[in-house]
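What follows is a single structure, written as structure tokens, with notes after it.
Residue numbers (this note's numbering): 1 to 353.
Take a look at the structure:
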């Protein structure tokens, strides 16, 4: 599988998991089973007034990707860049689409903010909204004590750029100030990057990442949850709604990561893993997105059920960002460019100003 297909698979499958879980995010398992049958939800159901709608999780993942691309362009053009500030600026553009009024002066340039469908409010997490609303300057870290999953669910694009662990931690820390809230994000991005760069399987990527980062101060809660998911898979225990409930609902970062990992580790197919990840009492869209990211980066876009892709909201936008993630770092040269026309085209899409 080529690198572009790994990027496409990761982002598209994450969005598909988000969309599948969107219809049941605020339902408990007995209610899901009563409405959709013993196997739970397996096909998109209406959410936010349409079929295949994504939530704030996918929206923030896309604006994270935009921030990373703009940081790359800025660094290549000017030689100076603070990526967390550029990512923060991108997230504040998302905040505006959700009705927020940032304290910092936010530029509304580039192509992504012009996508009309991204201006739909999708039950944005209050922790993210309040932290972004409180920030006075780009790069300001959150001042709360939140362990919520709003950081970990948006960081998959870091897997395709340098310093995935460090910058995903910085990204999540913009909105979630408890170590479990931001270190889980770093671990997730690092695991994805190991699969992307080395082609290793998920279990090996997890073990490598834990060996490097698992003993960091503040990582204990996340490490224990990830190790639990590993033990369950090593013992051949498949996820069930009742088994997932033992881990929690996925509302906090360590739980969302652990649940998504367990489902991805045990799944015989991408569809099975995502369906496991959304059919439980809790934050179904976030756990579905994380499982989708993990499975999609391994299996590629062809593993995603066609019936999901056909009605997936923002599919073309996701495809474009995936293309640009692979294309821009390989093509853009900034001050050393021999192709000014191509560089101007990239700058227009991802201004490094």
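Every residue, glycine too, gets a C-beta built ideally from N, C-alpha and C. Note that the coordinates shown come from a computational prediction; the quantities given were computed from them, not determined experimentally.
Go ahead and label residue i buried or exposed: buried means 16 or more other beta carbons lie within 10 angstroms of its beta carbon, across all protein chains shown.
i, result
"residue 89", "buried"
"residue 179", "buried"
"residue 126", "exposed"
"residue 306", "exposed"
"residue 235", "exposed"
"residue 323", "exposed"
"residue 171", "buried"
"residue 285", "buried"
"residue 64", "buried"
"residue 32", "buried"
"residue 70", "buried"
"residue 242", "exposed"
"residue 212", "exposed"
"residue 240", "exposed"
"residue 201", "exposed"
"residue 246", "exposed"
"residue 341", "exposed"
If you draw a straight line from the alpha carbon of residue i to that of residue j, how long is it in whole angstroms?
i, j, result
"residue 85", "residue 251", "26 angstroms"
"residue 67", "residue 82", "11 angstroms"
"residue 176", "residue 148", "7 angstroms"
"residue 311", "residue 215", "42 angstroms"
"residue 253", "residue 25", "16 angstroms"
"residue 218", "residue 92", "27 angstroms"
"residue 255", "residue 288", "12 angstroms"
Do you know whose CA, among the options, lies nearest residue i's CA?
i, options, result
"residue 60", "296, 120, 278", "120"
"residue 46", "66, 73, 18, 65", "18"
"residue 313", "49, 353, 138, 207", "49"
"residue 130", "116, 289, 146", "146"
"residue 173", "138, 109, 325, 114", "138"
"residue 265", "231, 283, 248", "231"
"residue 249", "274, 29, 163, 6", "29"
"residue 276", "9, 7, 39", "39"
"residue 343", "192, 73, 55", "73"
Would you mind giving the Cβ-Cβ distance between residue i and residue j, rounded to the nearest angstrom? I have them listed as a contact below 8 angstroms.
i, j, result
"residue 318", "residue 15", "6 angstroms"
### Message
My parser needs the alpha helix (DSSP H) runs of 4 or more residues fully inside the region 51–128; what are they?
### Response
56–78, 83–97
#### Entry: Every unbroken alpha helix (DSSP H) inside the region 205–256 [4 residues or more]
220–234, 241–247
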